[in-house]
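Worksheet for the structure shown next.
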Amino acid sequence: MRRRLAVWHLLGPSLLVVAVAAVGTTTSPTIQFQVRSVLVTAAIVVSLYVFVGNSGVISFGHVSFVAVGAFAAGIASAPAEVKPSTFPKMLPFLANLEIGNVESLLLAALVGAIYAFWVGIPLMRLSGLSAGIATFAVLIITHNVIRNWEAIGPGAKTLALVPPTTGFLQATVGLLIVMAIAYGYQRSRWGRRLRATREDPLAAQASGIEVHRERLIAFTLSGALAGFAGGLFVHLLGSITTEQVFLDLTFVTLAMLVVGGIGSMWGALIGALFIAGLNAFLVELEKGVVLGARELDLPSGTRLLTLGVIMFVVLVTRPEGLTGGRELSWPIRRRRRV
Amino acid sequence: MTDRRRTERPADLLRAVSVTRAFEGVVALRGVDLELRRHEVLGLIGPNGAGKSTLVNVLTGFDAPTEGRVRLGDVDITDWPAYRRGRSGLTRTFQHAHAFGGLSVRENIEVSALGVGATPAEARRRADELMEMLGLADLEEVPASTLPHGEERKLGVARALATDPVFVLLDEPAAGLNEAEVEPFAEVVRSVRDDHDAGVLLIDHNFSFITAVCDRVQVLDEGVTIAIGSPEEIRRHPRVASAYLGRGDG
Ligand SMILES: Nc1ncnc2c1ncn2[C@@H]1O[C@H](COP(=O)(O)OP(=O)(O)O)[C@@H](O)[C@H]1O
Ligand SMILES: [Mg+2]
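Structure representation (structure tokens):
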């Protein structure tokens, strides 16, 4: 039973992802783009969950790793013919680089991991509010470095002509990979030790668990997955500015995690699909859609207002999130013991 | 696993050497010495506020002494962090609830074994054994946060034992257990000494329980050791009677 349930905890959510993608392929091109973007956003949220969900420590800095992954992948794979003229101050090594799709995604993961490990060494000593503020500071620093250091970043310009390789296949497979790694980690001895520190850091130490080390492992893994998701993101968009991987994305992805339920991968996925799906739907409504004989055209601002209200209602009525922070339960027979 | 550890870490003695711990306003410990040997149960008794928990905190690295040292065998471990002591076979339970509330009883025990480096399979085996030994088997899947008080105390002990300790410091593990539960629990404490070959420090207010399981008893009062001896000697000790026993549960 335990083993079957363990398989189901990954298989169930994966089936949902495949179903969403499959339905997505049958829709109009604009909706298709929205669905692929929902899948990539879900990958970001699951990567965030790996650290926040298992450690119980909040991170407002995770989009930093998405950003370094996105720009590493984007800059390394944009065509070498155009980069030196568009970005005259860029290091020649970067300007002349042009790597393939798989290398680009792996590079994004690697850069995310290294960066997270490096900032994690001091950061992981903090908990609670100070962790929140310090991770947020990392986000601000990262943003400003990428935006202003033109030797390695695009500056205030748009990084364009990134090969748009994140189609349905890569978005889906990419998300499934992130989920499988997240779930594998959660069930590993490292993930379990980190969960113990989340429940009670003092008692965990009495059992020989080194809080800093376990958090740093999760932070690094989470940074790798966030970087990878950033790679998927830049190859989805094809062109990107530093603003697209900054405050809005931070707020939205954290909100998704909280609404879905911080404590489980299922929660991260459901929150992402629910909010991102709703968001995509409202985006289309704001643009105006024809419903039968009438055209429905919501005033702009409705989208954020509606999202805000829904998050508010969910959190007030279900503070633990839509899933209550639990993994997907077995659909047929549920064993209960008290 | 167990055997390898015993050859690698043959520390036979845990010592507090003239430990003083001054808080703002209160001196909780004043030059206290304590020796805990492998294969013995040492009772630590004294009225509330005597400094018992503070001494456990200092010994296990959850608090630092203002003066004095802590030694494990030949090694001065005063500056070791708590997790390192845990991995070296020195662990504790807490007087107040410190269960991993969101985790099940089984997960609580298994993760304590994982914390000191056991493999998942070994952790599962230890959890099976300890749940059986402490009568927690029926509660395996229950979240620790929902356990009744007595069960929560037992879980704390199970978790400490899951680390396969050489020295285990139990801070009022039997508080809240009823008389019927105390006797099997005394059996557990003896088995930790006899079967696991560990040294046990046992804090409790129930003097008949202490008498039943302890080889030696040390009495603290207002941060000072006022007596050490066999349970029988302690019972007859005049200062103990006035400082502690006379005051009931204090
Ligand atoms: N963190 C602390 N800060 C200030 N005073 C403390 C602290 N911990 C314990 N004390 C004080 O130290 C004394 C001993 O406490 P404690 O070791 O908990 O006693 P016991 O466990 O024997 O009941 C008490 O007077 C208590 O109020
Ligand atoms: Mg106490």
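Protein sequences, first through last, are from chains H and G. Per numbering that gives the first Met the number 0: the first sequence ends with 337, consecutive numbering throughout. Per numbering that gives the first Met the number 0: the second sequence ends with 249, consecutive numbering throughout. Ideal Cβ placement from N, Cα and C applies to all residues, glycine included.
Could you check if residue i is buried or exposed, using at least 16 other CB atoms within 10 Å of its CB as the buried criterion?
{"i": "H148/G", "result": "exposed"}
{"i": "L10/H", "result": "exposed"}
{"i": "F70/H", "result": "buried"}
{"i": "L90/H", "result": "exposed"}
{"i": "W265/H", "result": "buried"}
{"i": "T6/G", "result": "At T6/G, the pLDDT of 44 sits below 50, so the modelled position is not reliable; the number obtained from the coordinates is stated separately. By the 10 Å Cβ count, T6/G comes out exposed."}
{"i": "F208/G", "result": "buried"}
{"i": "K51/G", "result": "buried"}
{"i": "S84/H", "result": "exposed"}
{"i": "D203/G", "result": "buried"}
{"i": "V25/G", "result": "exposed"}
{"i": "P121/H", "result": "exposed"}
{"i": "V79/H", "result": "Reading off the sequence, residue 79/H comes out as Ala, not Val. A79/H comes out exposed."}
{"i": "A157/G", "result": "buried"}
Run through chain H and tell me which residues come within less than 8 angstroms of residue i, C-beta to C-beta.
{"i": "G114/G", "result": "R192, A195, A203, S206, G207 and I208"}
{"i": "P147/G", "result": "By Cβ distance, chain H contributes nothing, its closest Cβ being about 12 angstroms from P147/G, past 8 angstroms."}
{"i": "R91/G", "result": "A205"}
{"i": "T77/G", "result": "What T77/G touches in chain H: nothing, since even the nearest Cβ is about 16 angstroms away."}
Mapping DSSP to helix, strand and coil, what is residue i?
{"i": "E66/G", "result": "strand"}
{"i": "A197/G", "result": "coil"}
{"i": "R14/G", "result": "strand"}
{"i": "G73/H", "result": "helix"}
{"i": "R325/H", "result": "coil"}
{"i": "E97/H", "result": "coil"}
{"i": "E285/H", "result": "helix"}
{"i": "V339/H", "result": "Because chain H spans 0 through 337 in this model, residue 339/H falls outside it and cannot be assessed."}
{"i": "I227/G", "result": "strand"}
{"i": "F280/H", "result": "helix"}
{"i": "D127/G", "result": "helix"}
{"i": "T19/G", "result": "strand"}
{"i": "G207/H", "result": "coil"}
{"i": "I202/G", "result": "strand"}
{"i": "I274/H", "result": "helix"}
{"i": "I209/G", "result": "helix"}
{"i": "G68/H", "result": "helix"}
{"i": "R215/G", "result": "strand"}
{"i": "V26/G", "result": "strand"}
{"i": "I261/H", "result": "coil"}
{"i": "T1/G", "result": "Residue placement at T1/G is flagged as unreliable, the pLDDT there being 45, under the threshold of 50; a coordinate-derived value is accordingly withheld."}
{"i": "V161/H", "result": "coil"}
Name the chain H residues that come within less than 7 angstroms of residue i, Cβ to Cβ?
{"i": "H97/G", "result": "D199, L201 and A202"}
{"i": "G85/G", "result": "Q204, A205, S206 and G207"}
{"i": "A81/G", "result": "Q204 and A205"}
{"i": "V57/G", "result": "Result: empty, since nearest Cβ-Cβ is about 14 angstroms, beyond 7 angstroms."}
{"i": "R158/G", "result": "S206"}
{"i": "T224/G", "result": "Under the 7 angstroms cutoff, chain H gives no residues; its nearest Cβ is about 25 angstroms from T224/G."}
{"i": "V199/G", "result": "Near V199/G there are no residues of chain H at all, since even the closest Cβ is about 15 angstroms away, more than 7 angstroms."}
{"i": "V188/G", "result": "The premise fails here: V188/G is roughly 18 angstroms from chain H at the closest Cβ pair, so nothing lies under 7 angstroms."}
Please list the partners that residue i has in chain H, where partner means a Cβ-to-Cβ separation under 9 angstroms.
{"i": "L102/G", "result": "R191, R194, A195 and E198"}
{"i": "F61/G", "result": "L201, Q204 and A205"}
{"i": "F166/G", "result": "None at all; the shortest Cβ gap to chain H is about 12 angstroms."}
{"i": "V191/G", "result": "Chain H residues near V191/G: none, gap ~16 angstroms exceeds 9 angstroms."}
{"i": "T162/G", "result": "A205, S206 and G207"}
Which residues in chain G sit within 7 angstroms of residue i, going by Cβ to Cβ distance?
{"i": "R188/H", "result": "L113 and P119"}
Just tell me which of the options has its CA closest to the CA of residue i.
{"i": "D32/G", "options": "V16/G, G42/G and E39/G", "result": "V16/G"}
{"i": "V18/G", "options": "F206/G, R158/G and P64/G", "result": "P64/G"}
{"i": "A267/H", "options": "Q243/H, F32/H and V37/H", "result": "V37/H"}
{"i": "D214/G", "options": "R189/G, D220/G and V223/G", "result": "R189/G"}
{"i": "I151/H", "options": "R214/H, G262/H, A75/H and I180/H", "result": "A75/H"}
{"i": "P28/H", "options": "G166/H, L201/H and F218/H", "result": "G166/H"}
{"i": "L135/G", "options": "K153/G, L160/G and T118/G", "result": "K153/G"}
{"i": "L219/G", "options": "R105/G, L54/G and A159/G", "result": "L54/G"}
{"i": "T322/H", "options": "L272/H, A179/H and D199/H", "result": "L272/H"}
{"i": "T219/H", "options": "P200/H, A181/H and V6/H", "result": "A181/H"}
{"i": "M178/H", "options": "F135/H, I140/H, F64/H and L15/H", "result": "L15/H"}
{"i": "L104/H", "options": "A275/H, W117/H and V233/H", "result": "V233/H"}
{"i": "G119/H", "options": "S63/H, P87/H, R146/H and P162/H", "result": "S63/H"}
{"i": "A223/H", "options": "G300/H, V251/H, F50/H and Q31/H", "result": "F50/H"}
Consider the C-beta atom of residue i and the heavy atoms of ligand 4; say whether any pair is separated by less than 8 angstroms.
{"i": "Q94/G", "result": "This structure simply doesn't include ligand 4; it includes ligand 1 and ligand 2 instead."}
Looking at the C-beta of residue i, does it have a partner C-beta in chain B at a distance below 9 angstroms?
{"i": "G262/H", "result": "Protein chains H and G are contained in the structure displayed, whereas chain B is not."}
Exercise for the section: Could you pull out every unbroken alpha helix (DSSP H) segment of at least 4 residues lying fully inside the segment 132 to 188 of chain G, listed in chain order? Expected result: List check, alpha helix (DSSP H) in window: 148 to 161.
Practice task
Scan the segment 57 to 116 of chain G and note each continuous beta strand (DSSP E) run of 3 residues or more that stays entirely inside, going in chain order.
Solution key: Whole beta strand (DSSP E) segments, 3+ residues: 66 to 71 and 89 to 91.
Handout entry: Minimum length 4: unbroken alpha helix (DSSP H) runs contained in the segment 111 to 150 of chain H
Key = Within the segment 111 to 150 of chain H, the complete alpha helix (DSSP H) runs of at least 4 residues fall at 127 to 147.
Practice task
Could you tell me which uninterrupted alpha helix (DSSP H) segments, each at least 4 residues in length, are contained entirely in the segment 178 to 204 of chain H, listed from first to last along the chain?
Solution key: Here the runs fully enclosed are 188 to 198.
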